[in-house]
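Student: Structure in structure tokens, see below.
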Amino acid sequence: MSETELPVLSVRALQKHFPVERGIIRRTVGAVKAVDDVSFDIAPGEILALVGESGSGKTTLGRCIVRAIDPTGGEATLTRRDGTSVDLVRTPQRGLRSIRSDMNMIFQDPFSSLSPRMPVIDIIGEPLRAQGIARREIHARVREMAALVGLNLDYLTRYPNAFSGGQRQRICIARALITNPRFIVADEPVSALDVSIQAQILNLLQDMRERLNLSYLFITHDLSVVEHMADRVAVMYIGRIVELAPKSRLYATPRHPYTEALLSAVLRPDPEARDQPILLTGESASPAAPPQGCHFHPRCRYAQDICRTVAPQLTEVAPGHASACHLSKELALRGVGTA
Amino acid sequence: MACAPLIEVRNLRVALPLENGVLMATDGVSFSIAEGETLGLVGESGCGKTMTAQSIMRIAPRFAHTTGQILLHEAGGTTDIVALDPRGPAIRKIRGGVCAMIFQEPMSSFSPLHTIGNQIEEAILLHRTQDRAEARSIAIDMLGRVGIPRPAETIDKYPHHLSGGMRQRAMIAMALSSQPRLLIADEPTTALDVTVQAQVLRLMRELQDEFGMAILYISHDLGVIAHMADRVAVMYLGSIIETTDVRRLFSAPRHPYTQALMRAIPRIGKRSGERLEAIAGNVPIPINKPRACGFANRCPAVMPGVCDVRRPALEVVAPEHRAACFLYPEVVEAADV
Numbered sequence: 217m218s219e220t221e222l223p224v225l226s227v228r229a230l231q232k233h234f235p236v237e238r239g240i241i242r243r244t245v246g247a248v249k250a251v252d253d254v255s256f257d258i259a260p261g262e263i264l265a266l267v268g269e270s271g272s273g274k275t276t277l278g279r280c281i282v283r284a285i286d287p288t289g290g291e292a293t294l295t296r297r298d299g300t301s302v303d304l305v306r307t308p309q310r311g312l313r314s315i316r317s318d319m320n321m322i323f324q325d326p327f328s329s330l331s332p333r334m335p336v337i338d339i340i341g342e343p344l345r346a347q348g349i350a351r352r353e354i355h356a357r358v359r360e361m362a363a364l365v366g367l368n369l370d371y372l373t374r375y376p377n378a379f380s381g382g383q384r385q386r387i388c389i390a391r392a393l394i395t396n397p398r399f400i401v402a403d404e405p406v407s408a409l410d411v412s413i414q415a416q417i418l419n420l421l422q423d424m425r426e427r428l429n430l431s432y433l434f435i436t437h438d439l440s441v442v443e444h445m446a447d448r449v450a451v452m453y454i455g456r457i458v459e460l461a462p463k464s465r466l467y468a469t470p471r472h473p474y475t476e477a478l479l480s481a482v483l484r485p486d487p488e489a490r491d492q493p494i495l496l497t498g499e500s501a502s503p504a505a506p507p508q509g510c511h512f513h514p515r516c517r518y519a520q521d522i523c524r525t526v527a528p529q530l531t532e533v534a535p536g537h538a539s540a541c542h543l544s545k546e547l548a549l550r551g552v553g554t555a
Numbered sequence: 542m543a544c545a546p547l548i549e550v551r552n553l554r555v556a557l558p559l560e561n562g563v564l565m566a567t568d569g570v571s572f573s574i575a576e577g578e579t580l581g582l583v584g585e586s587g588c589g590k591t592m593t594a595q596s597i598m599r600i601a602p603r604f605a606h607t608t609g610q611i612l613l614h615e616a617g618g619t620t621d622i623v624a625l626d627p628r629g630p631a632i633r634k635i636r637g638g639v640c641a642m643i644f645q646e647p648m649s650s651f652s653p654l655h656t657i658g659n660q661i662e663e664a665i666l667l668h669r670t671q672d673r674a675e676a677r678s679i680a681i682d683m684l685g686r687v688g689i690p691r692p693a694e695t696i697d698k699y700p701h702h703l704s705g706g707m708r709q710r711a712m713i714a715m716a717l718s719s720q721p722r723l724l725i726a727d728e729p730t731t732a733l734d735v736t737v738q739a740q741v742l743r744l745m746r747e748l749q750d751e752f753g754m755a756i757l758y759i760s761h762d763l764g765v766i767a768h769m770a771d772r773v774a775v776m777y778l779g780s781i782i783e784t785t786d787v788r789r790l791f792s793a794p795r796h797p798y799t800q801a802l803m804r805a806i807p808r809i810g811k812r813s814g815e816r817l818e819a820i821a822g823n824v825p826i827p828i829n830k831p832r833a834c835g836f837a838n839r840c841p842a843v844m845p846g847v848c849d850v851r852r853p854a855l856e857v858v859a860p861e862h863r864a865a866c867f868l869y870p871e872v873v874e875a876a877d878v
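The listed protein sequences derive, respectively, from chains A and B.
The first sequence begins at 217 in my numbering and counts up by one.
The second sequence begins at 542 in my numbering and counts up by one.
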């Protein structure tokens, strides 16, 4: 992660607004700002975790970047393995096929993201087939990749239903990595797995990063997993990034009240810890009707008049540490002690 | 917590006859819960924790074959729930009355066709009073207690009008409206955001303090269990493999599975970036399961010729601490007799 190297991904002012339609002529009456003016960079080999609760827009953001859905504004520049850059937002759908080899996605549910009618060897090899590579070479590369992610090579001709959840997630990872990408969007990759299997998959994702020099946008709601995996963390709340910082800084000295509340709500597996979560009032507002000013102000225990009217900008409060809170400078927020 | 037990589960076996063999969902589970106590039941998917809960309510699948005893001790006498007709009047009194249950997905326990109030009132009319007006005022009071804003208006809303956290609160209100002695909570916060989970857990503790009910708290989340439980039972492949009070379990786990589980979870505030110690392999499917320790094929301390030929019983291996593992002489002795 040298300073001079170009970021793998550079996102600027990315937007995804869904129109809200009413009536029989489907008149557009407003917009759900699922992703609203989001900017960040991911360095080569870096894991950026994107944290947020349901409805924060983290999954939509991930899908916009891989163009599973089309963003409505902004830029997302991917630096490819060959050194050229491409703006993912402006690339037409037809042009995406060649970019897919540099970028891929791993989904939460390893049960619904695999075709039940294809043997595993074809599932993993599918991205190569799309590139027009010969069958013999595809099979050789699939076997190599399957061995790398820890799949039993004798079972490659079986169908996904013969595999457990953890094994299926390995299949998904193999499929995502088969084209030798630089960048992976991993959307809650371990949330559907049992605790004992989670650790296997998290270790695998870290090994793959080291061996293949991958960068991840790691989307999750689980702050314990984030602390284990991430280099930097972005916290989202109703479509906006409210805090972005190196992991250890974010956990030890959060600068946004929402991050403070999130960290305090993580229950540690230690009965002596007597964690005292900061109880927020209510729940996250709907992105269809976000509050004025700072989106978080109705639940914030520090909110003042300015928070109710003026939306705070994400600004640097310490080197590499940005927060979108009017009171960032004044507040002394509680972090989680890092041993 | 040496109060008289409210409920005693003895040697509970639930067998599900399937096409390709018999699936033992729970295989000889025994535990008891005292008045006002919270027992945490931990385990991964398929370990039988939900089937245990469903057996207490007698809502397990109809083709399930249940044996053993579930003794409910009340002032008026003791009832064996397993012996009751699952559709008879006796279990109907217990279900939703003395024993109430809340689920992971609140949408599945509310009917979408009736208002929240209608459904809560129905439970109250069945168990507490015959007076409709009184039932309604109890329902409004309960909705207020669980922290639902404007309960007198919300009572006439339909479940889909409420957000996930509010639905979960409404379900807790419905479960508690009959003033149960035992609340079975099956992963009640798993589908909720962490900030909302914090609210719901706080609420459950407050209500437990107020009503003094016992809680069977089922979860796969060791953080939640550490926070909520007085005692913990760890399940693996249909059996309880370790049980003790919450502090002993987390400070000195005895069973290799519990020990491995504790090392496999990422912990906040601990040194990060290290590799997690994953548990190798997968949970086997308990169809036609052999007489052996269920964890033997994944266990780092497996003793060939011992663990794979006999099944360890849950024995006392330390004060107030039971484990089912042949590493402990108490378990070996019990098997030899």
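Ideal placement from N, C-alpha and C gives every residue a C-beta, glycine not left out.
1. Which residue marks the beginning of the beta strand (DSSP E) containing residue 432 of chain A, and which one marks its end?
2. Could you work out which residue in B:548, B:868 and B:829 is closest to residue 845 of chain B when comparing CA atoms only?
3. Between residue 583 of chain B and residue 760 of chain B, how many whole angstroms is the CB-CB distance? I'm expecting something under 8 Å.
4. In whole angstroms, what separates the C-alpha of residue 431 of chain A from that of residue 388 of chain A?
5. Could you name the residues of the same chain whose beta carbon sits closer than 8 Å to that of residue 400 of chain A, not counting the 5 residues immediately before and after it, in chain order?
6. Under the three-state reduction of DSSP, which class applies to residue 712 of chain B: helix, strand or coil?
7. Report the rounded CA-to-CA distance for residue 500 of chain A versus residue 512 of chain A, giving the unit in angstroms.
8. Can you look up residue 334 of chain A in the DSSP assignment and give me helix, strand or coil?
9. Going along chain B, which residues have a C-beta under 9 Å from residue 426 of chain A?
10. Show which residues of chain A have a CB atom less than 8 Å away from the CB atom of residue 704 of chain B.
11. Taking the alpha helix (DSSP H) that residue 480 of chain A belongs to, which residues open and close that run?
12. What is the rounded straight-line gap between the Cα of residue 409 of chain A and the Cα of residue 853 of chain B?
13. Please classify residue 791 of chain B: does DSSP put it in a helix, a strand, or coil?
14. At the level of alpha carbons, what is the spacing between residue 218 of chain A and residue 259 of chain A?
15. Taking C-alpha atoms, which residue in A:508, A:537 and A:534 lies nearest to residue 523 of chain A?
16. Pick out whichever of B:836, B:750, B:816 and B:829 has its Cα sitting closest to the Cα of residue 822 of chain B.
17. Which of the three DSSP states, helix, strand or coil, is assigned to residue 314 of chain A?
18. What residue range is occupied by the uninterrupted alpha helix (DSSP H) comprising residue 404 of chain A?
19. Under the rule that 16 or more other beta-carbon atoms within 10 Å means buried, what is residue 369 of chain A, buried or exposed?
20. According to the neighbour-count rule (16 or more other Cβ atoms, all chains shown, within 10 Å of its Cβ), is residue 532 of chain A buried or exposed?
21. Could you please tell me which residues of the segment 440-452 of chain A, in chain order, have their CB closer than 7 Å to any CB of chain B?
22. Since residue 880 of chain B and residue 782 of chain B should fall inside the 8 Å C-beta cutoff, what is the C-beta to C-beta distance between them, to a whole number of angstroms?
23. Can you tell me whether residue 210 of chain A is helix, strand or coil according to DSSP?
24. CB residue 676 of chain B to CB residue 667 of chain B, shorter than 7 Å?
25. Under 8 Å between beta-carbons, which chain B residues line up against residue 491 of chain A? List them in chain order, please.
26. Using only CA atoms, which one of B:576, B:552 and B:557 lies nearest to residue 570 of chain B?
27. What are the start and end residues of each continuous beta strand (DSSP E) run of 3 or more residues lying completely inside the segment 846-878 of chain B, in chain order?
28. Between the beta-carbon of residue 565 of chain B and the beta-carbon of residue 827 of chain B, is there less than 7 Å?
29. Between the Cα of residue 421 of chain A and those of A:446, A:439 and A:411, spot the shortest distance and give me the residue it belongs to.
30. By DSSP's criteria, residue 294 of chain A is part of a beta bridge. Which residues make up the other side?
31. Run the CB neighbour count on residue 617 of chain B, radius 10 Å, all protein chains shown included, and call it buried at 16 or more, exposed below.
32. In the structure shown, what three-state DSSP assignment does residue 246 of chain A receive?
33. Would you call residue 229 of chain A buried or exposed, if buried means 16 or more other Cβ atoms sit within 10 Å of its Cβ?
34. So does the segment 334-354 of chain A actually touch the segment 363-379 of chain A, counting three or more Cβ pairs closer than 8 Å?
35. Which residue's Cα is closest to the Cα of residue 832 of chain B: B:841, B:717, B:848 and B:842?
36. Output yes if chain A places a C-beta closer than 7 Å to the C-beta of residue 691 of chain B; else output no.
Tutor: Checking against the coordinates, here is how it stands:
1. 431-436
2. B:868
3. 6 Å
4. 17 Å
5. 319, 320, 321, 322, 392, 393, 430, 431, 432 and 433
6. helix
7. 8 Å
8. coil
9. None at all; the shortest Cβ gap to chain B is about 11 Å.
10. 499
11. 473-480
12. 28 Å
13. helix
14. Since pLDDT at residue 218 of chain A reaches only 47, below the 50 mark, its modelled position is unreliable, and the value read off the structure follows with that caveat. About 8 Å.
15. A:508
16. B:836
17. helix
18. No alpha helix (DSSP H) holds residue 404 of chain A; DSSP gives it neither H nor E.
19. exposed
20. exposed
21. 440, 441, 443 and 444
22. Nothing about residue 880 of chain B can be read from this structure; chain B reaches only from 542 to 878.
23. Given a span of 217 to 555 for chain A in the structure shown, any question on residue 210 of chain A remains unanswerable.
24. no
25. 768
26. B:552
27. 856-859 and 862-864
28. yes
29. A:446
30. A:225 and A:302
31. exposed
32. strand
33. exposed
34. yes
35. B:848
36. no
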